[in-house]
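Chemist: Could you have a look at this structure, given as structure tokens, before my questions?
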Amino acid sequence: MRKRSWAEPYKIKMVEPVFMNSQKEREIYIKEAGYNTFLLKSKDVYIDLLTDSGTSAMSDRQWAGIMMGDEAYAGSANFYHMEEAIQTHYGYKYIIPTHQGRGAEHLISKILIKEGDYLPGNMYFTTTRLHQELAGGTFVDVIIDEAHDSESNFRFKGNISLEKLQKVIDEKGAENIPYVCMATTVNMAGGQPISLQNLKEVRNLTNKYGIRIVHDMTRVAENAYMIQQLEEGYADKSVAEIVLEICNLTDAATMSSKKDALVSIGGFLAMNDPDVFEQARNLVVVYEGLHTYGGMAGRDMEALAIGITESIHDDHIRARVGQVQYLGEKLLKAGVPIVNPIGTHGVFLDAKKFLPHLTQDQFPAQTLAAEIYLDSGVRTMERGIVSAGRNSETGEHNYPNLELVRLTIPRRVYTQAHMDVIAESVEYVYENREKITGMKMIFEPKYLRFFQARFEKI
Ligand code: F0G
0 MRKRSWAEPY KIKMVEPVFM NSQKEREIYI KEAGYNTFLL KSKDVYIDLL TDSGTSAMSD
60 RQWAGIMMGD EAYAGSANFY HMEEAIQTHY GYKYIIPTHQ GRGAEHLISK ILIKEGDYLP
120 GNMYFTTTRL HQELAGGTFV DVIIDEAHDS ESNFRFKGNI SLEKLQKVID EKGAENIPYV
180 CMATTVNMAG GQPISLQNLK EVRNLTNKYG IRIVHDMTRV AENAYMIQQL EEGYADKSVA
240 EIVLEICNLT DAATMSSKKD ALVSIGGFLA MNDPDVFEQA RNLVVVYEGL HTYGGMAGRD
300 MEALAIGITE SIHDDHIRAR VGQVQYLGEK LLKAGVPIVN PIGTHGVFLD AKKFLPHLTQ
360 DQFPAQTLAA EIYLDSGVRT MERGIVSAGR NSETGEHNYP NLELVRLTIP RRVYTQAHMD
420 VIAESVEYVY ENREKITGMK MIFEPKYLRF FQARFEKI
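Residue numbers (numbering that gives the first Met the number 0): 0 to 457.
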């Protein structure tokens, strides 16, 4: 068959200049930032791969929607557009807007979790797990073992192990499990998808015990694309159809609209149960705002309504994931150790293999993120021991298997030439890896320490 490459399904109408400062300047900035890339100023960054959260480029249609903001305190027209987009494309009945994903996590945790409960999930996400713990619950990891192995090439590393889930149910009792927390494309595993077959099996098992599934749908379209590409029987289905099929297998969802849905800010809690909805509708006014804005401006709800429809187009998602794959394949070719298979929202460097001479206590991923910034002004993020935090009972560091640096690609923002420069820089740091020394932590905040912790070179 004749080959035709993917290309961006858009052209550029407005640009934002970026520039690379000097190595000398970067040495000062990263030291001032305590070797934590979260503490750098954006003006001192050349290519920003810190996160794909709130960093997407909006379309001309979304910007037009911004001008149609109805900033009424109650009953904004934009809320009803957003509600309709969510109901149509994600299939959930009831919608509560929140300021972003963790606002929705907070509400659902407060409503469904009681002291002493257990929350099985396909690996954790930092804010999700913290809200479960603050509500009195204990998170239990039930993702398949392959997810913890950066070398395993299994295509659906986001899958839930039915044996592990059954074991939690047998040991803790279904009455102490308010829901299974199921994420589509598992961020902390390296952006790895769950298969529809696995989700159906999880649905059957949870149905037997009357346990809900709460869907972290932050990157559901990317997961749907991987199902279309890889799972038998889905090649002829559209991403939009697969997204709906995933959502229909779950009872409720938390969403950070800042990722898949192509907006700068926003989120929502969605569900099908009218009783849970009534409670959420009441609680949202305490923590977020009235139930028709929940912390979002009217204009942002309009941009979201439009962003949702754009995010599930096959052309869009193919180019989005295609760009990530392009960068990943370049690094693979150069022999740089990355998580396999390449994820959907970023490429994850395996810092344990990259810097084998550092112990995990010397924060290899934190160190590597700082080194890449030093080399080229490219900002990346640690996803390893610092992100994993401490065990809430023993106070010891959690030691995750995966010690990663995430090169997160914002949607529709950078070009293929940017990907080339990023790859060159990572390859250069890799070639010179032996000279790199580790770090010690000199300041540690109590919650979500990775955001504000400070380090010093040993
Ligand atoms: N769930 C997942 C899978 C996420 O990746 C995030 C955010 C959240 C929930 C929380 O949403 O930020 O809107 O409150 N992830 C960002 C990231 C911060 O960089 O991966 P939020």
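We put the CB at the ideal spot given by N, CA and C, even for glycine.
Since the model is a prediction, treat every value here as computed from it, not as a measurement.
Just how far apart, CA to CA, sit Ile95 and Cys180?
Modeler: Counted from its first residue, the sequence shown places residue 95 at position 96. Counted from its first residue, the sequence shown places residue 180 at position 181. Each residue's Cα considered, the two are about 18 Å apart.
Chemist: Once the 5 residues before and after Gly293 are set aside, which same chain residues still bring their CB inside 8 Å of it?
Modeler: Within the sequence shown, numbered from 1, the residue matching residue 293 stands at position 294. Here the set comprises Ile95, Pro96, Thr97, His98, Gly102, Phe267, Val283 and Glu287.
Chemist: Since Arg319 is in the alpha helix (DSSP H), which residue starts that stretch and which ends it?
Modeler: By 1-based counting over the sequence shown, the position of residue 319 is 320. Arg319 -> alpha helix (DSSP H) spans Asp313 to Lys332.
Chemist: Buried or exposed: which applies to Tyr446, given that a residue is buried once 16 or more other Cβ atoms fall within 10 Å of its Cβ?
Modeler: One-based indexing of the sequence shown puts residue 446 at position 447. It is exposed - the Cβ of Tyr446 has fewer than 16 other Cβ atoms within 10 Å.
Chemist: When you compare only the Cα positions, how much space is there between Thr36 and Val285?
Modeler: One-based indexing of the sequence shown puts residue 36 at position 37. One-based indexing of the sequence shown puts residue 285 at position 286. For Thr36 and Val285, the distance between alpha carbons rounds to 33 Å.
Chemist: Between Lys199 and Leu248, which are expected to be in contact by the criterion C-beta below 8 Å, what is the C-beta distance as a whole number of angstroms?
Modeler: Walking along the sequence shown from the start, residue 199 turns up at place 200. Walking along the sequence shown from the start, residue 248 turns up at place 249. Confirmed, about 7 Å.
Chemist: With distances taken Cα to Cα, identify the nearest neighbour of Val238 among Tyr178, Thr308, Gly190 and Ile11.
Modeler: Locating residue 238 in the sequence shown gives position 239, counting from the first residue. Comparing Cα positions, the closest option is Thr308.
Chemist: To the nearest angstrom, how far is it from the Cα of Met471 to the Cα of Gly232?
Modeler: Not covered by the structure: residue 471. The range shown for the chain is 0 to 457.
Chemist: List in chain order: all unbroken alpha helix (DSSP H) runs of 4+ residues lying wholly within the stretch 374-427.
Modeler: Complete alpha helix (DSSP H) runs here, min 4: 384-387.
Chemist: Considering Cα atoms alone, identify which of Lys351, Ile65, Arg432 and Leu326 is closest to Leu48.
Modeler: Here the question's residue 48 lines up with position 49 in the sequence shown. If we check each option's Cα against that of Leu48, Leu326 comes out closest.
Chemist: Give me the residue from Val262, Met0, Gly100 and Lys156 with the minimum Cα distance to Asn339.
Modeler: In the sequence shown, the residue the question calls residue 339 occupies position 340. Of Val262, Met0, Gly100 and Lys156, the residue nearest in Cα terms is Lys156.
Chemist: Taking 7 Å as the cut-off, is the CB of Ser237 close to at least one heavy atom of the ligand F0G?
Modeler: For the purposes of this step, residue 237 is taken as the residue at position 238 of the sequence shown. No, since every heavy atom of the ligand F0G falls outside the 7 Å radius drawn around the Cβ of Ser237.
Chemist: Under 6 Å, CB to any heavy atom of the ligand F0G. Which residues pass, going along the chain?
Modeler: Counting every residue whose Cβ lies closer than 6 Å to a heavy atom of the ligand F0G, we get Thr50, Ser52, Gln99, Gly100, Arg101, Phe124, Thr126, Thr127, Ala182, Asn186, Asp215, Thr217, Ser255, Lys257 and Gly266.
Chemist: Identify whether Gln191 lies in helix, strand or coil by the three-state DSSP scheme.
Modeler: For the purposes of this step, residue 191 is taken as residue 192 along the sequence shown, with counting starting at 1. The answer is strand: DSSP assigns Gln191 an E or B state.
Chemist: Express the C-alpha separation of Ile341 and Ala333 in angstroms, rounding to a whole number.
Modeler: Reading the sequence shown from its first residue, position 334 is the one you call residue 333. Reading the sequence shown from its first residue, position 342 is the one you call residue 341. Their backbone Cα atoms lie some 14 Å apart in a straight line.
Chemist: Are the CB atoms of Thr184 and His344 nearer to each other than 8 Å?
Modeler: Translated into the one-based positions of the sequence shown, residue 184 becomes position 185. Translated into the one-based positions of the sequence shown, residue 344 becomes position 345. Going by C-beta atoms, Thr184 is nearer than 8 Å to His344.
Chemist: Using only the alpha-carbon positions, how far apart do His88 and Ala223 sit?
Modeler: The residue labelled residue 88 in the question sits at position 89 within the sequence shown. The residue labelled residue 223 in the question sits at position 224 within the sequence shown. Cα-Cα distance, rounded: 13 Å.
Chemist: Starting from Pro96, follow the beta strand (DSSP E) in both directions and report where the run begins and ends.
Modeler: Along the sequence shown, one-based indexing puts residue 96 at 97. Unbroken beta strand (DSSP E) run through Pro96: Tyr93 to Thr97.
Chemist: In angstroms with no decimal places, state the Cα-to-Cα distance between Glu70 and Val219.
Modeler: As a first step, residue 70 must be located in the sequence shown, where it is residue number 71. As a first step, residue 219 must be located in the sequence shown, where it is residue number 220. Cα to Cα, the separation comes out at about 29 Å.
Chemist: Please name the residue in Val275, Lys456, Ile421 and Ile441 whose C-alpha comes closest to that of Ile435.
Modeler: The sequence position of residue 435 within the sequence shown is 436, counting from 1. Checking every option, the nearest Cα to that of Ile435 belongs to Lys456.
Chemist: Leaving out the 5 sequence neighbours to the left and right, which residues in its chain are closer than 7 Å to Lys2 when beta-carbon positions are compared?
Modeler: The residue given as residue 2 occupies position 3 in the sequence shown. Excluding residues up to 5 positions away in sequence, nothing lies with its Cβ nearer than 7 Å to the Cβ of Lys2 in the same chain.
Chemist: Taking 8 Å as the cut-off, does the stretch 49-67 touch the stretch 272-283 (at least 3 CB pairs, one atom from each stretch)?
Modeler: no
Chemist: Look up Asp140 in the DSSP assignment and give the residues it is bridged to.
Modeler: In the sequence shown, counting from the first residue as 1, residue 140 sits at position 141. DSSP output for Asp140 lists Gly120 as bridge partner(s).
Chemist: Is Met181 helix, strand or coil when you go by DSSP?
Modeler: Start at 1 with the first residue of the sequence shown, and residue 181 comes out as number 182. Strand, per DSSP.
Chemist: Please go through the stretch 152-177 and give each complete beta strand (DSSP E) segment of 3 or more residues, from N-terminal end onward.
Modeler: none
Chemist: Quick check on DSSP: helix, strand or coil for Val238?
Modeler: Along the sequence shown, read from residue 1 onward, the residue named residue 238 stands at position 239. Val238: helix per DSSP, three-state reduction.
Chemist: In angstroms with no decimal places, state the Cα-to-Cα distance between Ala269 and Ala251.
Modeler: Counted from its first residue, the sequence shown places residue 269 at position 270. Counted from its first residue, the sequence shown places residue 251 at position 252. Roughly 5 Å between the two C-alpha positions.
Chemist: Taking the continuous beta strand (DSSP E) assigned at Gly64, which residues delimit it?
Modeler: Taking the first residue of the sequence shown as position 1, residue 64 is located at position 65. That residue, Gly64, is in no beta strand (DSSP E); its alpha helix (DSSP H) goes Asp59 to Ile65.
Chemist: With the cut-off set at 8 Å, would you say Val335 and Leu348 are in Cβ contact?
Modeler: On the sequence shown, residue 335 is found 336 positions in, with the first residue counted as 1. On the sequence shown, residue 348 is found 349 positions in, with the first residue counted as 1. Against a cut-off of 8 Å, the Cβ pair of Leu348 and Val335 comes out as a contact.
Chemist: Taking 8 Å as the cut-off, decide whether the C-beta atoms of Glu395 and Pro363 are in contact.
Modeler: As a working mapping, residue 395 is identified with position 396 in the sequence shown. As a working mapping, residue 363 is identified with position 364 in the sequence shown. In this structure, Pro363 does not lie closer than 8 Å to Glu395 by Cβ.
Chemist: With three or more beta-carbon pairs closer than 8 Å as the criterion, would you say the stretch 383-393 touches the stretch 448-455?
Modeler: Yes: the two stretches touch, three or more of their Cβ pairs being nearer than 8 Å.
Chemist: Enumerate in chain order the residues of its own chain whose CB-to-CB distance from Val201 is below 6 Å, with the five nearest sequence positions on each side excluded.
Modeler: As a first step, residue 201 is located in the sequence shown; it is residue number 202 there, counting from the start. Within the same chain, Val201 has close Cβ partners Ile159.
Chemist: Helix, strand or coil for Lys439, going by three-state DSSP, please let me know.
Modeler: The residue you call residue 439 lines up with position 440 of the sequence shown. In this structure, Lys439 counts as strand in the three-state DSSP scheme.
Chemist: What first and last residue would you give for the alpha helix (DSSP H) that runs through Ser55?
Modeler: Within the sequence shown, the letter at position 56 stands for residue 55. Unbroken run through Ser55: none, as it is neither H nor E.
Chemist: Given Ala188, which residues of its chain have a CB within under 6 Å of its CB, disregarding the five upstream and five downstream residues?
Modeler: On the sequence shown, residue 188 is found 189 positions in, with the first residue counted as 1. Around Ala188: Met122, Ala146 and Lys156.
Chemist: Do Val404 and Ile46 have their beta-carbon atoms positioned less than 8 Å apart in this structure?
Modeler: Residue 46 sits at position 47 when you count from the first residue of the sequence shown. Residue 404 sits at position 405 when you count from the first residue of the sequence shown. Contact: no.
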